[in-house]
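Below is one structure, written out as structure tokens, with a few remarks after it.
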Amino acid sequence: MREPEQPSDPEMIPCIVCFKEIPVSEVLSEEAVDYVLHFCGLECYAKWKSQNDAG
Ligand SMILES: [Zn+2]
Numbered sequence: 001m002r003e004p005e006q007p008s009d010p011e012m013i014p015c016i017v018c019f020k021e022i023p024v025s026e027v028l029s030e031e032a033v034d035y036v037l038h039f040c041g042l043e044c045y046a047k048w049k050s051q052n053d054a055g
């Protein structure tokens, strides 16, 4: 019996808040003016948002 082979490693992207690497398919992105930010999940997104709220 053989385990099904894993597909080749997905592309990993570091979360800009906690620096955890997440597969590109699961990343949350926020498009900024000149670049795209990546988050591992809503928690980090909310954290970043609260730190970057212009106000
Ligand atoms: Zn994160």
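Mapping to the numbering used here: the sequence shown position 42 is 42, numbers consecutive.
Here a beta-carbon is modelled for each residue, glycine too, at the ideal position from N, C-alpha and C.
Measuring alpha carbon to alpha carbon, tell me which of Glu-5, Cys-40, Ala-32 ends up nearest Phe-19.
-> As a position in the sequence shown, residue 19 is number 19, starting the count at 1. Considering only alpha carbons, the answer is Cys-40.
Name the DSSP bridge partner or partners of Ile-13?
-> On the sequence shown, position 13 is the one that residue 13 refers to. Ile-13 pairs with Ile-22.
Report the option in Lys-49, Glu-26, Pro-4, Ser-8 whose CA atom is closest to the CA atom of Pro-14.
-> Here the question's residue 14 lines up with position 14 in the sequence shown. It is Glu-26.
Go ahead and label Val-17 buried or exposed: buried means 16 or more other beta carbons lie within 10 angstroms of its beta carbon, across all protein chains shown.
-> Reading the sequence shown from its first residue, position 17 is the one you call residue 17. So Val-17 counts as buried.
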